[in-house]
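From first to last, the protein sequence lines are chains A and B. Sequential numbering of the first sequence, starting at 884, is according to our numbering. Sequential numbering of the second sequence, starting at 884, is according to our numbering. Quick reminder that beta carbons are idealized off the backbone N, C-alpha and C, glycines included. What follows is one structure encoded as structure tokens, with my remarks underneath.
Protein chains: 2
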Amino acid sequence: MSFAVLAEPARRQILDLLRERERSVGELVRDLRLSQPGVSKHLRVLRDAGLVSARVDAQRRVYRVQPEALEEIDAWLAPYRRMWTESLAALDAHLAAIDEGRRG
Amino acid sequence: MSFAVLAEPARRQILDLLRERERSVGELVRDLRLSQPGVSKHLRVLRDAGLVSARVDAQRRVYRVQPEALEEIDAWLAPYRRMWTESLAALDAHLAAIDEGRRG
DNA sequence: CAGGAATATAACTATCCGGGCATGTTAAGC
DNA sequence: GCTTAACATGCCCGGATAGTTATATTCCTG
């Protein structure tokens with residue numbers, strides 16, 4: 884499960900940057916407060932998890948996000964999401980009932 | 884961010900167990916392959932993250948899941964979810980177009 | 001083909017974290 | 001009030017990992 888991959892703030896930040904547009908390693912190094920090898924290492928982890936993919940452009944590697952890899956996490960989250968939306972629905976109903984009562 | 888909290892498989896397993904029904908520490912110890920202090924330690928992390936809450940029943944502490952704490956993660960996921968659902972929609976459209984073409 | 005640019009990998013270190021054992025704490029029951 | 005049950009906490013250890021510097025690799029450019 885790629886939860887562990889996302890546990891690292893720098894990696895989430897990389898994904899957020901790549902979500903706007905694809906970026907080369909050098910660009911990411913400029914945006915993050917990390918050494919170039921540090922960024923490369925995180926990109927390696929993200930690649931292995933299928934969360935990003937790389938395209939070669941001369942000496943540069945341009946990375947892009949691969950959002951489908953997050954479906955697994957979304958799937959794990961789904962039943963919990965049902966739980967809190969049900970709570971919200973119940974609260975809604977409750978407030979509606981109160982309002983109903985107020986208006987007689 | 885509680886991604887780091889969920890990175891631990893045992894903690895996700897605890898949440899999944901508590902999603903069915905609330906459980907005491909002892910029950911969790913029986914269900915997991917972990918020592919009692921190990922379980923307590925994970926529960927502590929989950930509590931600090933607001934992911935579970937405890938109710939006192941005599942000497943026992945009964946834990947339940949607090950799904951709202953996962954909304955933060957869901958919020959982070961949301962823009963990516965939009966991305967892959969858009970991809971699916973595009974694929975749908977593509978396949979429909981192919982089918983349309985086949986039928987003339 | 002020499003030099004430099006862009007990135008990956010290697011090697012090393014410091015830190016964090018999960019695991020267990022031993023022990024502290026609180027509540028029940030006699 | 002002493003014992004036992006249920007749980008939390010402290011302490012220690014081994015493994016994982018994120019960060020760095022140094023080096024290897026690849027590819028363009030002159």
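For A937(A), the three-state secondary structure derived from DSSP is strand. Across the structure, V939(A) and Q919(A) are spaced so that their CA atoms are roughly 17 angstroms apart.
Note on geometry: alpha-carbon atoms of E954(A) and A941(A) lie some 32 angstroms from one another. Residue pairing for V948(A): DSSP places it in a beta bridge opposite V935(A).
Within chain B, D957, L960, Y963, R964, W967 have C-beta atoms less than 9 angstroms from the C-beta of D957(A), given in sequence order.
By the criterion of at least three beta-carbon pairs nearer than 8 angstroms, the segment 900-907 of chain B is not in contact with the segment 893-909 of chain A. Of all alpha-carbon atoms in W959(A), S970(A), R964(A), R947(A), the one lying nearest the alpha-carbon of M966(B) is that of R947(A). Rounded to the nearest angstrom, the Cβ distance from A952(A) to A932(A) is 6 angstroms, consistent with a contact under 8 angstroms. For L901(A), the enclosing alpha helix (DSSP H) begins and ends at 892-903. Distances from the alpha-carbon of Q949(A) to those of L934(B), V935(B), T968(B) put T968(B) closest. Here the alpha carbon of V945(A) sits roughly 10 angstroms from the alpha carbon of R904(A). In terms of beta-carbon proximity, L889(A) lines the interface with chain B, with at least one pair separated by less than 8 angstroms. Listed along the chain, the chain B residues whose CB falls inside 7 angstroms of the CB of E954(A) are W967. Boundaries cannot be given for L915(B), as no alpha helix (DSSP H) includes it and DSSP labels it neither H nor E.
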